[in-house]
Amino acid sequence: MSTERSLPIIELDAIRAAREVGRSVVEHTPLTPSAYLSQQFGGRIILKAENMQRTGSFKIRGAINKVHNLGDLAKNGVVAGSAGNHAQGLAIAARHFGVKCEIFVPLGASLSKIAACKGYGGIVVDGGESVDTAVAAAHIRASETGMAFCHPFDDLDVIAGQGTLGLELLEDIPDLAQVIVPLGGGGLLSGVALAIKQQRPDVRMIGVQVSSCAPFIYGNSPSGVVPTLADGIAVKQPGEITKLLIERWVDEIVAVDEDSVADAMMILLERSKMYVEGGGAVGVSALLASRVAPAKKGSTCVVLSGGNVDLGLIPNLIRRHETQAGRRALLFVRVSDRPGALAHFLYVIAKSGANLIEVSHVREGLNLRVRETGIQVVLEVRGRDHTAEIITVAKTAGFEVSEVTS
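Following this note's numbering, the numbering of the sequence shown begins with 426 at its first residue and continues without gaps.
Written as structure tokens, this is what we have:
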């Protein structure tokens, strides 16, 4: 390896060595051809299920290689700043080599990731408002204590470790033509690009950022906390090393919005039975938003970089997805404020074949007549035509009913 800043060099042998280092810890994750995505967009689309990796993300690859290569420099322990996935990977690596691990975590980091990090033996410390402030705090801690600082992405050993994923892709997909990779700080994308392009320069490499935090594309760094489903890749400042490597080895970088990230998470859950976090799903988002097209010849591989999702987020995503798909309807009806009126309305709904999910009275803030009340119902329906049919039947039965669409 060379640390020459003009163009950092990571030899293919360093990536192969990283693979040997992690062989007893890192999983060779499976590939899942996606019939749904292939049919929707054409071409052969394959999902690389790194969400099934140990700790639930690719980060263990770089972390295990970094701690191994530190050797005696890690005797006082290791420290890092991370939104959660690097924290888990480093905690596992530190435990594997028997050293202490401290992680500075930014505000808003996934609760499930923090809990998992603690479970792996990591010591979690408040790292401020962003990944960048957490990394800065970890730097200070290292200088004060003699602990070894482990950058989450801007490090040659970490990048080499992440590159082992690229070796797996070349081995497992003989007709590989294009790889779509989530892009936060750039460790995964630069490592995979190095591993692949040094052997198959014809393979097209594409990085995907979330538009609310896309410094590789827009150059500017957003201020304050960035609210995004893709928190794991919400890195405000590109790494010095990764930026140079990505400029040299990556063909294209695109950005996707929050809605497409939510759509991708639900499509992966519903169609591929894959539990993938927002940052890990942005490659599929890029396909859904037509930011990237599959390769015309050969296979396109979409890397699902992580699966660490807070369970509390899933019901909201499901509600949104069901509503957009026309399988969930919210209706408002005015009924007489007398016994039996609600029961009669619900009877009409039941006869229409809808499933009642939720019902609530709305008495305030509406222009209701005397002895009248408002009712909101959430229904599971067969589609938008079914919703229209239910409204027609209810109106025929004498109810003043409308669909709430916002």
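Cβ coordinates follow ideal geometry from the N, Cα and C atoms, glycine included.
Boundaries of the alpha helix (DSSP H) harbouring S568: 556-570, taken from the DSSP string.
In the structure shown, I528 falls within a strand segment according to DSSP collapsed to helix, strand and coil. Here A706 is near M690, since their CB atoms are less than 8 angstroms apart. Taking all protein chains in view, the Cβ of P458 is surrounded by fewer than 16 other Cβ atoms within 10 Å, so the residue is classified as exposed.
In this structure, the beta-carbon distance from E702 to G732 falls below 8 angstroms. Among the bridge pairs identified by DSSP, I440 is matched with none. When DSSP states are grouped into helix, strand and coil, L793 belongs to the coil group. The residue from V503, H564, V530, Q662 with its alpha-carbon nearest to that of Q634 is Q662. Contact check for A620 against I440 passes: the beta carbons are separated by less than 8 angstroms. For V583, the enclosing alpha helix (DSSP H) covers residues 581-587. Among the bridge pairs identified by DSSP, V635 is matched with C638, V681.
Judged by DSSP in its simplified three-state form, M699 adopts coil rather than helix or strand. Contact between the segment 592-605 and the segment 562-574 is absent: fewer than 3 CB-CB pairs across the two stretches fall below 8 angstroms. By the criterion of a C-beta distance shorter than 8 angstroms, I485 is surrounded in its chain by G447, V450, V451, Q478, R479, Q513, G514, I517, A518, once the five residues flanking it on both sides are discounted. Secondary structure note for S710: its alpha helix (DSSP H) is the uninterrupted segment 707-713. Remark: C-beta atoms of R629 and Q603 approach each other more closely than 8 angstroms. Relative to I631, the option among E527, I692, V675, D497 whose CA is nearest is V675.
The DSSP-derived three-state label of C575 is coil.
Looking only at A766, K622, A585, the smallest Cα-Cα distance to G612 is reached by A585. Taking C-beta atoms under 8 angstroms as the contact rule, V556 and A659 qualify, at a distance of about 7 angstroms.
In this structure, I815 lies away from S761, with their beta-carbon atoms at least 8 angstroms apart. Closest option to V681, judged by alpha-carbon separation, among S537, L670, K668, A711: A711.
Under the three-state reduction of DSSP output, A508 falls in the coil class, being neither helix nor strand. Taking a C-beta distance under 8 angstroms as the contact criterion, A559 and G506 qualify as a contact pair. For N780, there is no enclosing alpha helix (DSSP H); the enclosing beta strand (DSSP E) covers residues 780-787. A Cβ-Cβ contact shorter than 8 angstroms links P719 with F466.
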